[in-house]
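Just so we're aligned, residue 40 is where the sequence shown starts under my numbering, counting upward by one. Notes to accompany the following structure.
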Amino acid sequence: MSTADAQTRCRLRRGRSETMLVGYCFDPIFLKHEAPGHPERPERLRAVMAGLAEEGLLGLLRPIPPALEPDRDILIAVHDEQYLQWLARLEPESPCFLDADNYICRHSGAAAYTAVGAAIACVEAVVLGEVTCALALVRPPGHHALRRRPYGFCLLNNVACGAEYALRRLSLSRIGIVDIDAHHGNGTQAQFYSTDAVLYISTHQAKLFPGTGAVMERGEGIGTGYTVNIPVPAGSGDAVLQAAFARVTVPALEHYRPELILVSAGYDAHWRDPLSALTATLRGFDSLHETLVELAGSLCEGRLVFVLEGGYDTDVLRHAICNLVWLLLGQRERCADPVGSAPRREADDPSCLDLICRELGF
Ligand SMILES: [Zn+2]
């Protein structure tokens, strides 16, 4: 199939005269960040790329090259300059652990910088209208990364850099970040805690790593009310997460009216994931994705960028992303769930949200 044919085929009609062109950014350097035995491993992304290829999806997407040298001012807006220099210089012969969670290998700095470049390139392609929506298929993940240090498998905060790029270089003034990873995105929250230019909304398992993300963490100064945390109890699954979207995430975004929606797309809320005790299914992720696509369509001309975060069951991650792409291409019926539901789901009770909604004023 020629590129032109592929582009024509993936221009699907949405609404009246809209078309939906879907882009993705991937770079082989993302597969070179590795340490033996660590759950944040290249096989995660390798499974996603194999799934997209085997389902014939890559030819239907527009490849977006990563920004090779991410904008220095953007990096410095999110991270300390000394930390950035240290990360760029560090090239150990063999992987070394900085602490219990975080490792660096020879290629980690290059992978981390390229992941930021991928998030920025996807944001730019969407905001400039080259594609309607895009996926940054990156490693290492980013939402835990702090200003001066790696944290929670994350080296640089990809989604935060993407948002800063949209604000500082593309003249946007209101960005929504929806974080569906099972862990709270403490790094992203910290970056935007004192601003009203970004609305950060996170659903995550309460009291799980990194321990932040309480309901009462709501922002400060002019940022007060622009951080929205929905910590759900262990055992929560599709019913709770969908209710959280319906009761909080959707109305909060509708009220805010973002010009662009970024998604910290982590899939470790799945029941089979080894790193959380949530019980979501692939069908549940499909439903969350569908809500985000509809919301972006009604609020911001469909402008939506998914930036990969966690998800440590490779089958789940592969199918979650393939299903997302089918959905974005307008073929919801092609979404598959070969993994099924959790054997036990009794804790998936949306009434756990009542107190949270009262605290948040929803
Ligand atoms: Zn996670």
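Ideal placement from N, C-alpha and C gives every residue a C-beta, glycine not left out. Source: prediction; values computed, not measured.
Would you kindly work out how many angstroms separate the C-alpha atoms of Ile159 and Leu123, rounded to a whole number?
17 Å
Can you round the beta-carbon distance between Gly350 and Arg83 to whole angstroms, since I take them to be within the 8 Å contact cut?
7 Å
With DSSP as the reference, label Leu238 as helix, strand or coil.
strand
Taking the C-alpha atoms as reference points, what is the distance between Gly168 and Arg371?
If I take the Cα positions, the gap works out to 23 Å.
Restricting to Cα atoms, I'd like to know which of Leu99, Tyr204, Val87 and Phe284 is closest to Ile113.
Tyr204
Mind checking who Asn268 pairs with in its DSSP beta bridge?
Paired residues: Ser241.
Is Gly226 closer than 9 Å to Tyr190 when the C-beta atoms are compared?
yes
Might you give, ordered along the chain, the residues of its own chain that have their beta carbon closer than 6 Å to the beta carbon of Leu206, omitting 5 neighbours on each side?
Ala236
On the three-state DSSP scale, how would you describe Pro102?
strand
Terminal residues of the continuous alpha helix (DSSP H) containing Ser303?
From DSSP, Ser303 is part of no alpha helix (DSSP H) but of the beta strand (DSSP E) over Leu299 to Ala304.
Tell whether a beta-carbon distance below 9 Å holds between Gly156 and Glu130.
Result no, Cβ atoms of Gly156 and Glu130 do not sit closer than 9 Å.
What is the rounded straight-line gap between the Cα of Pro104 and the Cα of Asp312?
30 Å
Quick one: is Met59 buried, meaning 16 or more other Cβ sit within 10 Å of its Cβ, or exposed?
buried
Locate the beta strand (DSSP E) running through Asp354, then write down its first and last residues.
Run containing Asp354: none in the beta strand (DSSP E); it sits in the alpha helix (DSSP H), Thr353 to Leu367.
Enumerate in chain order the residues of its own chain whose CB-to-CB distance from Ala116 is below 6 Å, with the five nearest sequence positions on each side excluded.
Annotation for Ala116: Glu203 place their beta carbon closer than 6 Å to its own, counting only its chain and skipping 5 residues before and after.
State the Cα-Cα distance for the pair Leu394 and Ala199, rounded to the nearest angstrom.
29 Å
Decide yes or no for the touch test of the stretch 380–396 against the stretch 335–346: beta carbon pairs closer than 8 Å, at least 3 of them.
no
For the candidate residues Leu107, Leu392, Leu97 and Ala308, whose alpha-carbon lies nearest to that of Leu247?
Ala308
Would you mind sorting His294 into buried or exposed? The rule is 16 or more other CB atoms within 10 Å of its CB.
exposed
Are Ile360 and Ala335 closer than 9 Å when you measure CB to CB?
no
Give the straight-line distance between the Cα atoms of His223 and Gly250, rounded to the nearest whole angstrom.
8 Å
Could you check the C-alpha separation between Glu273 and Ala154 for me, to the nearest Å?
Before going on, a small fix: residue 273 reads as Ala here, not Glu. Cα-Cα distance, rounded: 30 Å.
Given the structure, does Asp307 come close to ligand 1, in the sense that its CB is under 8 Å from one of the ligand's heavy atoms?
yes
Which two residues bound the contiguous alpha helix (DSSP H) that contains Gly148?
Ser147 to Val166
Within this structure, are the beta carbons of Leu194 and Ala184 separated by less than 9 Å?
yes
Any heavy atom of ligand 1 within a distance shorter than 8 Å of the CB on His77?
It does not: the Cβ of His77 is nowhere closer than 8 Å to a heavy atom of ligand 1.
Assuming contact is defined by CB atoms lying nearer than 9 Å, are Asn268 and Glu256 in contact in what I supplied?
yes
Any heavy atom of ligand 1 closer than 8 Å to the Cβ of Ser275?
no
Excluding the 5 residues flanking Gly262 on each side, which residues of the same chain have their C-beta closer than 8 Å to its C-beta?
Phe231, Tyr232, Ser233, Thr234 and Asp235
Residues in the same chain with beta-carbon distance under 8 Å from Cys49, minus the five sequence neighbours each way, listed in chain order, please.
With a pLDDT of 40 at Cys49, under the threshold of 50, the modelled position of this residue cannot be trusted; read the value that follows with caution. Met59, Leu60, Val61, Leu99, Leu100, Arg101 and Leu368.
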